[in-house]
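Single-structure report; data block below.
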Amino acid sequence: MQIAIPAERLAGEKRVAATPETVKKLIAMGHSVVVEQGAGQFAAAPDAAYAELGASIAANRAEALGQADIVLTVRPLDEAGIAELKTGAVLIGQLAPYQNSSFPALAAKKVSAFALELLPRTTRAQSMDVLSSQNNIAGYKAVLLATHYYPRFMPMLMTAAGTVKPAKVLIMGVGVAGLQAIATAKRLGAVVEATDVRPSTKEQVESLGGKFIEVPMTDEEKAASDGVYAKEMSDDYKRRQAELVSKHARAADIIITTALIPGKKAPTLISADIVAAMKPGSVIIDIAAEAGGNCALTQPGEVVVTDNHVTVVGQFNLPGQLAADASSLYAKNLLTFLSLMLTKEGFTLNLEDDLLAATLVTHDGQVRFPAAN
Ligand code: NAD
Numbered sequence: 001m002q003i004a005i006p007a008e009r010l011a012g013e014k015r016v017a018a019t020p021e022t023v024k025k026l027i028a029m030g031h032s033v034v035v036e037q038g039a040g041q042f043a044a045a046p047d048a049a050y051a052e053l054g055a056s057i058a059a060n061r062a063e064a065l066g067q068a069d070i071v072l073t074v075r076p077l078d079e080a081g082i083a084e085l086k087t088g089a090v091l092i093g094q095l096a097p098y099q100n101s102s103f104p105a106l107a108a109k110k111v112s113a114f115a116l117e118l119l120p121r122t123t124r125a126q127s128m129d130v131l132s133s134q135n136n137i138a139g140y141k142a143v144l145l146a147t148h149y150y151p152r153f154m155p156m157l158m159t160a161a162g163t164v165k166p167a168k169v170l171i172m173g174v175g176v177a178g179l180q181a182i183a184t185a186k187r188l189g190a191v192v193e194a195t196d197v198r199p200s201t202k203e204q205v206e207s208l209g210g211k212f213i214e215v216p217m218t219d220e221e222k223a224a225s226d227g228v229y230a231k232e233m234s235d236d237y238k239r240r241q242a243e244l245v246s247k248h249a250r251a252a253d254i255i256i257t258t259a260l261i262p263g264k265k266a267p268t269l270i271s272a273d274i275v276a277a278m279k280p281g282s283v284i285i286d287i288a289a290e291a292g293g294n295c296a297l298t299q300p301g302e303v304v305v306t307d308n309h310v311t312v313v314g315q316f317n318l319p320g321q322l323a324a325d326a327s328s329l330y331a332k333n334l335l336t337f338l339s340l341m342l343t344k345e346g347f348t349l350n351l352e353d354d355l356l357a358a359t360l361v362t363h364d365g366q367v368r369f370p371a372a373n
């Protein structure tokens, strides 16, 4: 099979969908790989590193995609990219299924497209889970970004010139990103608190040395909120949560928000009133900015400083800021996923496989997402 790796087109996207390490494995399996010129240049993967392994370097995207049976991407292809695909090609990447309007165009080209965000959260899928590998990086980078804007130290310091208090960090949403943010902030010496709608996260927070802030819940709410993914909570729960958060947010120096609900706008957890009550110099890093943000004052993609000197950071794509490691982990996720279909002889698509069936958004001329219930 011919496998193509186009350069990403989205502004600021520095990741690449295959690294020299994964390309080496694909070539060893007997496939040919074509990489668009410069595809890995921001991810510590120069063209020469791919070429040395036997990949061919295409001068432009049309040349890379034109003959490819399989195309690996980080982000959805734009309209021109879809036009450059071969009819019946396979496309694998983070295809943003809840926002993407190009599925009819992919179906019209009989493309079999896989959106990896739709992988079920099962043990078998763990090694392919791009949300985990990338959110882990986002959690880490969020803390480093906070240290950049925070005008104080993170750890406690006792110096001849006086004692510096440790930073108080509040993490909201304890998924993969939140857990890594807790661990990173702890390593830097901060005092860490965290909260989540899923009560089962309490133990995880405590095992990392954080303090769990528990929003009182009815038995009904507990039962409803303890799945793998959070559900949208009732207005009454949101009110109780806001009251509690308001108290802890006032005392926090840094807040990192990561709360997401798949396919929906991110819940607002920090109101303008809460921000107004925060201390000057405090920082909010809103990892959910791309999904609308968890803070009412987040400007998606921007950094704003409020009148009371709180910095609210809504930068997009934190994993892309660690492009080399983000690409390396993402590329391994993709290779593992692709291995479900690649054989020595070529390629088989078994729709009985739950991982393939859940992620396949277009196939055989049809759009399969959202699936009819
Ligand atoms: P996510 O990115 O979807 O959301 C981040 C966190 O925000 C979640 O913990 C969620 O409960 C929380 N949240 C949502 N709404 C909230 C609100 N209103 N207030 C406070 N918190 C709120 O989460 P994720 O990182 O994708 O992880 C979700 C779960 O999936 C975790 O338990 C994780 O361990 C699990 N997981 C399983 C697998 C697997 O088995 N293959 C892979 C990855 C993650």
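Going by UniProt numbering, the sequence shown opens with residue 1, and the numbers climb by one from there.
Idealized CB from N, CA, C, for every residue including glycine.
Bear in mind the structure is a predicted one, so any value in this text is a computation, not a measurement.
According to DSSP, is residue 81 part of a helix, a strand, or is it coil?
Within the sequence shown, residue 81 is the residue found at index 81, counting from 1. Here residue 81 sits in helix by DSSP.
Can we say the segment 54-63 touches the segment 28-38, given the rule of at least three CB pairs closer than 8 Å?
yes
Selected residue, minimal CA-CA separation from residue 126, among 97, 330, 230 and 76
The sequence position of residue 126 within the sequence shown is 126, counting from 1. Ranking 97, 330, 230 and 76 by Cα distance to residue 126 puts 330 first.
Whole-number beta carbon distance between residue 17 and residue 93, since they are thought to touch under 8 Å:
Taking the first residue of the sequence shown as position 1, residue 93 is located at position 93. Taking the first residue of the sequence shown as position 1, residue 17 is located at position 17. The Cβ separation is near 6 Å, so the contact holds.
Helix, strand or coil at residue 32 according to DSSP, with G and I counted as helix:
Translated into the one-based positions of the sequence shown, residue 32 becomes position 32. Strand, per DSSP.
Backbone CA spacing between residue 161 and residue 198 [nearest angstrom]
To locate residue 161, count along the sequence shown from 1; it is residue 161. To locate residue 198, count along the sequence shown from 1; it is residue 198. Those two C-alpha atoms are separated by around 44 Å.
On the three-pair Cβ rule with 8 Å, is the segment 271-287 touching the segment 198-210?
no
With DSSP as the reference, please indicate the residues paired to residue 286 in a beta bridge.
Here residue 286 is taken as the residue at index 286 of the sequence shown, counted from 1. Answer is 257.
Would you kindly check if the distance between the Cβ of residue 150 and the Cβ of residue 167 is under 8 Å?
In the sequence shown, counting from the first residue as 1, residue 167 sits at position 167. In the sequence shown, counting from the first residue as 1, residue 150 sits at position 150. Contact flag set, yes.
On the DSSP bridge assignment, give the partners of residue 347 in chain order.
Indexing the sequence shown from 1 puts residue 347 at position 347. Beta-bridge pairing links residue 347 to 342.
For the segment 44-53 against the segment 101-110, are there 3 or more C-beta pairs whose distance is under 8 Å?
no
With a Cβ-Cβ cutoff of 8 Å, do residue 258 and residue 158 count as a contact?
Taking the sequence shown and counting its residues from 1, one reaches residue 258 at position 258. Taking the sequence shown and counting its residues from 1, one reaches residue 158 at position 158. No, the Cβ-Cβ distance between residue 258 and residue 158 is not below 8 Å.
Distance, Cα to Cα, residue 346 vs residue 28?
As a first step, residue 346 must be located in the sequence shown, where it is residue number 346. As a first step, residue 28 must be located in the sequence shown, where it is residue number 28. Taking the straight line from one Cα to the other gives about 13 Å.
Within a Cβ cutoff of 6 Å, which residues of the same chain sit near residue 327, ignoring the five residues on either side of it in sequence?
Residue mapping note: residue 327 aligns to position 327 of the sequence shown, counting from 1. Around residue 327: 15, 16, 19 and 43.
With a threshold of 7 Å (Cβ to nearest heavy atom), would residue 135 be considered close to the ligand NAD?
Start at 1 with the first residue of the sequence shown, and residue 135 comes out as number 135. Checking every heavy atom of the ligand NAD against the Cβ of residue 135, one is found closer than 7 Å.
Taking the alpha helix (DSSP H) that residue 248 belongs to, which residues open and close that run?
Residue mapping note: residue 248 aligns to position 248 of the sequence shown, counting from 1. Residues 235-251.
In chain order, what are the residue ranges of uninterrupted beta strand (DSSP E) at least 3 long that sit wholly in the segment 112-140?
112-115
Selected residue, minimal CA-CA separation from residue 169, among 253, 148 and 112
To locate residue 169, count along the sequence shown from 1; it is residue 169. Residue 253 is the option with its Cα nearest to residue 169.
According to DSSP, which residues form a beta bridge with residue 222?
Your numbering for residue 222 matches position 222 in the sequence shown. For residue 222, which the question treats as bridged, DSSP gives no partner whatsoever.
For residue 80, the nearest candidate out of 132, 221 and 109 (CA to CA):
Within the sequence shown, residue 80 is the residue found at index 80, counting from 1. Checking every option, the nearest Cα to that of residue 80 belongs to 109.
Indicate whether residue 356 and residue 342 have their beta-carbon atoms separated by less than 8 Å.
Numbered from its first residue, the sequence shown carries residue 356 at position 356. Numbered from its first residue, the sequence shown carries residue 342 at position 342. No, the Cβ-Cβ distance between residue 356 and residue 342 is not below 8 Å.
Can you tell me which residues form a DSSP beta bridge with residue 58?
One-based indexing of the sequence shown puts residue 58 at position 58. Residue 58 pairs with 36.
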